[in-house]
Amino acid sequence: MAETLRLESWSTAREALRHRDLRQGLYDEGRALMDGVIVNLHGAPHTERRRLENRLFRRDTFAYWERELIPTLLEESLATHRGDGADVDIVPVVRHAMLRLAASVAGLDIGSDTADFLRLAGLMTRLAAASTVVHATGDKSAIVADGLAALDEVRSTYLAPAWARRESLIREIRAERRPESDLPRDILTVLLAAREEHGMPTDVIEREVAYFPWVGSHSTSVALVHALHHCFEHDAERPGTLQTLVSEPDTLQRFVHESLRLHPASPQSVRCAVAHGQLPTGDRFAAGDTIVIDMVAANRDTSVFGDDADTFDPMRTVIDGAAPWGLTFGSGFHACLGQELAGGLPPGQSDGDRLLGAITVMISSLLAKGARRSSLYPPVRDERTTRPTWRTYHVVFDQQGNPR
Ligand code: HEM
Numbered sequence: 055m056a057e058t059l060r061l062e063s064w065s066t067a068r069e070a071l072r073h074r075d076l077r078q079g080l081y082d083e084g085r086a087l088m089d090g091v092i093v094n095l096h097g098a099p100h101t102e103r104r105r106l107e108n109r110l111f112r113r114d115t116f117a118y119w120e121r122e123l124i125p126t127l128l129e130e131s132l133a134t135h136r137g138d139g140a141d142v143d144i145v146p147v148v149r150h151a152m153l154r155l156a157a158s159v160a161g162l163d164i165g166s167d168t169a170d171f172l173r174l175a176g177l178m179t180r181l182a183a184a185s186t187v188v189h190a191t192g193d194k195s196a197i198v199a200d201g202l203a204a205l206d207e208v209r210s211t212y213l214a215p216a217w218a219r220r221e222s223l224i225r226e227i228r229a230e231r232r233p234e235s236d237l238p239r240d241i242l243t244v245l246l247a248a249r250e251e252h253g254m255p256t257d258v259i260e261r262e263v264a265y266f267p268w269v270g271s272h273s274t275s276v277a278l279v280h281a282l283h284h285c286f287e288h289d290a291e292r293p294g295t296l297q298t299l300v301s302e303p304d305t306l307q308r309f310v311h312e313s314l315r316l317h318p319a320s321p322q323s324v325r326c327a328v329a330h331g332q333l334p335t336g337d338r339f340a341a342g343d344t345i346v347i348d349m350v351a352a353n354r355d356t357s358v359f360g361d362d363a364d365t366f367d368p369m370r371t372v373i374d375g376a377a378p379w380g381l382t383f384g385s386g387f388h389a390c391l392g393q394e395l396a397g398g399l400p401p402g403q404s405d406g407d408r409l410l411g412a413i414t415v416m417i418s419s420l421l422a423k424g425a426r427r428s429s430l431y432p433p434v435r436d437e438r439t440t441r442p443t444w445r446t447y448h449v450v451f452d453q454q455g456n457p458r
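According to the working numbering, the sequence shown is numbered sequentially starting from 55.
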């Protein structure tokens, strides 16, 4: 009979994430939306897909986005969501700023019509809920059915025109009527251009392109709000912290990495054994077994992160070979493609541009405008999922734009 193995230590968790005989198992309940999507592929098909898409995730592009694009997207999103009152819920502000970026990485052409964009954002929320239905607290079959209806709408309204435009560009380039540089750099284009060679069915391309906008925006915005919360808490205990964080981006990035460690996007990773095997730590598994990796426990393993691993200490040091964010971006062949975009790299780890990451860049911008927690609308936890996230988090801005 198939068994379930639970892993809690950092080293077993890491080895399991990297084990070639363990396939992705987190999206089995949401397979109607996730079948054939990169994070759900295994073995050679996964390696091939990753090789195709990896070329879009370049450090020089991320550096440009950090400098030029992300601050502008944040400003635009703030302008959309700021009403007449002093308060603004920062969750949709950040989610939508990242959604514009992630939608363009995916290859959806979003114009300047705000209503059209907000409609896409609503569809992405439904897709995210259905794809991660394993963690839902509500009626799971209704959530999946709703996700499939949202995918239909994404397909007809956003994907179809983007698809037609790219196919026509690819035809013209192949006929040498246009230079190759006219091609957009996005997932949809890469997949359409490689389609014949890799025999990729239409529905797989559709699901893959629909995956990127929500995975890029939801995980980043959830992580950002957790980190912002820690900044406010720290400031309450040590007044003056917020000023320091505005003037010291390296320190702010440490806050972000420490928060990422304490709050992995998914509290558990799940893998299914495709063959009999063993982890280097001695744990054995048989084909068909389920491996549940407790990411929260692994990221608080005292042998790696110290005796006070449960507490928030942005200045902590970790053992060689471990990242300050723990396993929050995964490890091995499924490791997050957007890791450096969202989290940057610690000082000294990138050869060229210093990458702070979208989360640090956006928090820095918000704090520089004097963002602080609203006393009128306290933050509210999201009870619709077992993933610990904030449903709303209202902030106000200091009139002068100065941090307190
Ligand atoms: C704080 C933000 C983020 C967190 C915490 C996060 C976390 C993760 C984790 C844990 C995985 C591995 C899943 C597994 O092993 O089962 C993953 C995979 C992935 N992430 Fe992220 N992610 C973030 C942001 C992003 C962004 C911004 C993008 C793209 C725009 C992105 C794209 C992907 C993709 C494509 C994969 C699948 C890679 C593969 O299977 O080869 N992520 N992410």
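The C-beta atom is built at its ideal place from N, Cα and C for all residues, glycine as well.
Relative to the ligand HEM, the beta carbon of residue 243 is positioned no closer than 8 Å to any heavy atom. Beta-bridge annotation (DSSP): residue 331 is paired with 339. Per DSSP, the unbroken beta strand (DSSP E) holding residue 444 starts and ends at 444 to 446. Within the DSSP secondary-structure output, residue 78 pairs in a beta bridge with 325. Excluding the 5 residues flanking it on each side, residue 317 has same chain C-beta neighbours closer than 6 Å at 280, in chain order.
For residue 347, the enclosing beta strand (DSSP E) has its first and last residue at 344 to 348. Burial is judged here by how many other beta carbons sit within 10 angstroms of a residue's own beta carbon; residue 240 has at least 16 and is buried. With a minimum length of 4 residues, the unbroken runs of alpha helix (DSSP H) contained wholly in the stretch 157 to 242 fall at 168 to 185, 194 to 208 and 214 to 228. The beta-carbon distance between residue 161 and residue 216, rounded to whole angstroms, is 6 Å. This is short enough to meet the 8 Å contact definition.
Within 10 angstroms of the beta-carbon of residue 430 lie fewer than 16 other beta-carbons, which makes it exposed. The criterion of a C-beta distance shorter than 9 Å is satisfied by residue 421 and residue 285. In the displayed model, residue 289 falls within a helix according to three-state DSSP. DSSP places residue 111 outside both helix and strand once states are collapsed to three, so it counts as coil. When the beta-carbon positions are compared, residue 69 and residue 334 come within less than 9 Å of each other. With a cutoff of 9 Å on beta-carbon distance, residue 327 and residue 62 are scored as not near each other. Under the three-state reduction of DSSP output, residue 366 falls in the coil class, being neither helix nor strand. In this structure, the alpha-carbon of residue 388 lies about 12 Å from that of residue 108.
Assignment of residue 295 by DSSP, reduced to helix, strand and coil, places it in the helix class. DSSP places residue 440 outside both helix and strand once states are collapsed to three, so it counts as coil. Straight through space, the alpha carbons of residue 176 and residue 211 are spaced by roughly 13 Å. DSSP places residue 377 outside both helix and strand once states are collapsed to three, so it counts as coil. In the structure shown, the three-state DSSP call for residue 358 is helix.
Look at residue 101 here: in three-state DSSP terms it is helix. For residue 117 and residue 222, the gap between their C-alpha atoms comes out near 31 Å. Scanning its chain for C-beta atoms nearer than 7 Å, with the 5 sequence neighbours on each side dropped, one finds around residue 95 the residues 103, in chain order.
Distances from the CB of residue 393 to the heavy atoms of the ligand HEM include at least one below 8 Å. For residue 133, the uninterrupted alpha helix (DSSP H) segment begins and ends at 124 to 135. In the DSSP assignment, residue 414 falls within the unbroken alpha helix (DSSP H) covering 412 to 422.
Exclusion of the five residues before and after residue 168 leaves 134 as the residues of its chain whose Cβ lies within less than 7 Å of its Cβ.
For residue 316, the enclosing alpha helix (DSSP H) begins and ends at 303 to 316. With the rule of 3 Cβ pairs closer than 8 Å, the stretch 361 to 369 counts as touching the stretch 302 to 315. With a contact defined as Cβ atoms closer than 8 Å, residue 224 and residue 246 qualify at about 6 Å.
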